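Numbering (our numbering), first residue to last: 104 to 359. Notes to accompany the following structure.
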């Protein structure tokens with residue numbers, strides 16, 4: 104109930120929040136254009152730049168959440184987990200997808216998927232952008248490659264269309280995160296124990312832990328054995344992400 108009340112209050116202030124965001128954007132642009140930041144002192148220019156970026160993210164959340172959490176009907180949101188070590192236009196290759204169903208501010212259900220699993224082929228896929236065909240040999244445009252435009256709303260529209268076509272489910276909104284976000288989130292939540300893997304994950308070891316279980320998945324061959332059991336390794340190499348999401352949700356639900 105307190106969350107619903109807060110979202111209603113933010114919804115009423117949407118116009119003011121949009122004006123504040125525009126002002127903050129102008130401030131960031133002016134700050135970034137300064138010829139020198141020596142007057143701020145050693146390292147403080149980067150610190151203030153980080154503060155401005157976090158403030159922008161906070162305002163984005165306050166603007167978007169009231170509409171995302173409308174209580175009248177069930178909505179499906181996608182969270183793209185992007186691998187920033189393999190750069191793509193919106194920040195990284197779409198490694199995995201978390202599908203979350205909301206009603207108002209309540210999570211009804213969720214599902215963690217390898218991005219390769221979003222390929223239902225229930226309808227014909229569009230042709231890929233010419234550069235994707237030329238440089239990566241793509242025959243059709245698949246969900247995992249659809250964040251091709253650096254304009255995130257444009258990529259999100261394509262991703263939502265492909266998800267609906269492949270999975271038969273309309274999408275209300277899409278959020279993209281990367282490893283930097285995961286580290287920040289774990290720094291806020293604290294260490295998280297993942298019982299299926301008997302490991303405790305922190306913001307300092309999350310990337311290395313995920314890579315380790317990608318190389319050697321539980322109940323599946325390691326990457327060095329995949330020549331003999333390729334499909335089995337491909338199927339299980341990203342399972343750790345789902346277990347981490349489950350443990351993270353349990354931690355969040357237990358907070359006061």
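Glycine included, C-beta positions come from ideal geometry on N, C-alpha and C. Given the structure is predicted, the values throughout are model-derived calculations rather than measurements.
Buried or exposed: residue 320, going by 16 or more other Cβ atoms within 10 Å of its Cβ? It is buried - the Cβ of residue 320 has at least 16 other Cβ atoms within 10 Å.
Since residue 303 and residue 296 should fall inside the 8 Å C-beta cutoff, what is the C-beta to C-beta distance between them, to a whole number of angstroms? 5 Å
Closest to residue 228 by CA distance: which of 356, 215 and 246 is it? 246
Put residue 265 into one of helix, strand or coil per three-state DSSP. helix
Residue 251 beta carbon less than 8 Å from that of residue 233: no
Report the partner residues of residue 210 according to the DSSP bridge assignment. 205
Is DSSP giving residue 186 helix, strand or coil here? strand
Counting only runs that start and end within the stretch 296–326, where is the alpha helix (DSSP H) found for 4 or more residues in a row? 309–318
According to DSSP, is residue 178 helix, strand or coil? strand
Could you give the residue range of the beta strand (DSSP E) that holds residue 279? Unbroken beta strand (DSSP E) run through residue 279: 276–280.
Return the CA-CA distance between residue 107 and residue 114, expressed in angstroms with no decimal places. 11 Å
Can residue 273 and residue 193 be called in contact, C-beta distance under 8 Å? no
Separation of residue 151 from residue 162, as counted between CA atoms: Rounded to whole angstroms, residue 162 to residue 151 spans 17 Å at the Cα level.
When burial is assigned at 16 or more other CB atoms within 10 Å of the CB, is residue 132 buried or exposed? exposed
Compare the beta carbon distance of residue 184 and residue 344 with 8 Å and say whether it is the shorter of the two. Contact annotation: residue 184 and residue 344 have beta-carbon atoms nearer than 8 Å.
Unbroken alpha helix (DSSP H) run spanning residue 107, endpoints: Boundaries of the alpha helix (DSSP H) harbouring residue 107: 105–115, taken from the DSSP string.
What number of angstroms, rounded off, separates the C-alpha of residue 330 from the C-alpha of residue 324? 10 Å
Would you kindly report the start and end of the unbroken alpha helix (DSSP H) that includes residue 333? Per DSSP, residue 333 is one residue of the alpha helix (DSSP H) stretching across 333–339.
Among 219, 166 and 156, whose alpha-carbon lies nearest the alpha-carbon of residue 334? Closest by alpha carbon: 219.
Suppose you measure from the CA of residue 309 to the CA of residue 135; what does that come to, to the nearest Å? Whole-angstrom Cα-Cα distance: 32 Å.
Let me confirm a value: residue 121 is counted as buried when at least 16 other C-beta atoms fall within 10 Å, else exposed. Which label applies? By the beta-carbon neighbour count (other beta carbons within 10 angstroms, threshold 16), residue 121 is exposed.
Which residues bound the alpha helix (DSSP H) around residue 349? 342–357
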